[in-house]
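What follows is a set of notes on a single structure, which appears directly below.
Numbering (my numbering), first residue to last: 22 to 187.
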């Protein structure tokens, strides 16, 4: 990011900041039963804690972030990453507007591995706002140290970058 950007908190737990300035690292914790997932027409789960900035969809160019977690699977809530082998406990993700598609890449050194292509995002309604940021989700209770609601998944995001056109 070239300039400091304020990300607004969504579904943040008690005690978490309601907004943050995106600097080098951002920590997000998600309790069990949280998700950010939609399967039309009937399923819509949008209770995962997130920090997001909204700008016009037509201005989006690129976003990149590295996520780290101590969870058994380091996908940090990203379903696509659960389908791709990840070395270690971190992953760098880059999202690029390559119109007419939005492409999501897993970065390994100097290699980009495409893990998702969203073909519909730029087709209609270019006046919509796009939310770009970070989130953590723990849809199900997992093994480990338990609290009364289950163990939170804590994800550390580093080096968040966003590029928008004017």
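For glycine and all other residues, C-beta sits at the position ideal for the given N, C-alpha and C.
- Runs of the beta strand (DSSP E) lying entirely within the segment 115-141, each at least 3 residues long, are 122-129 and 132-139 in chain order.
- Bridge pairing for residue 172: absent [DSSP].
- Note that the C-beta distance between residue 52 and residue 173 is below 8 Å.
- For the pair residue 156 and residue 36, the Cα-to-Cα distance works out to about 17 Å.
- Taking residue 142 as the centre and dropping the five residues before and after it, the same chain places the C-beta of 123 closer than 6 Å to its C-beta, in chain order.
- Inter-residue distance for residue 140 and residue 83 is about 16 Å (C-alpha atoms, whole angstroms).
- Leaving aside the five residues that flank residue 47 on each side, the residues in its chain whose CB is nearer than 7 Å to its CB run, in chain order, 41, 72, 155, 178 and 181.
- For residue 39, no beta strand (DSSP E) run applies, since DSSP gives it neither H nor E.
- Here the alpha carbons of residue 70 and residue 119 stand approximately 28 Å from one another.
- Nearest C-alpha to residue 109 among 78, 88 and 117: 88.
- By the criterion of a C-beta distance shorter than 6 Å, residue 176 is surrounded in its chain by 49, 88, 90, 97 and 157, once the five residues flanking it on both sides are discounted.
- Residue 38 and residue 44 have their C-alpha atoms spaced approximately 14 Å apart.
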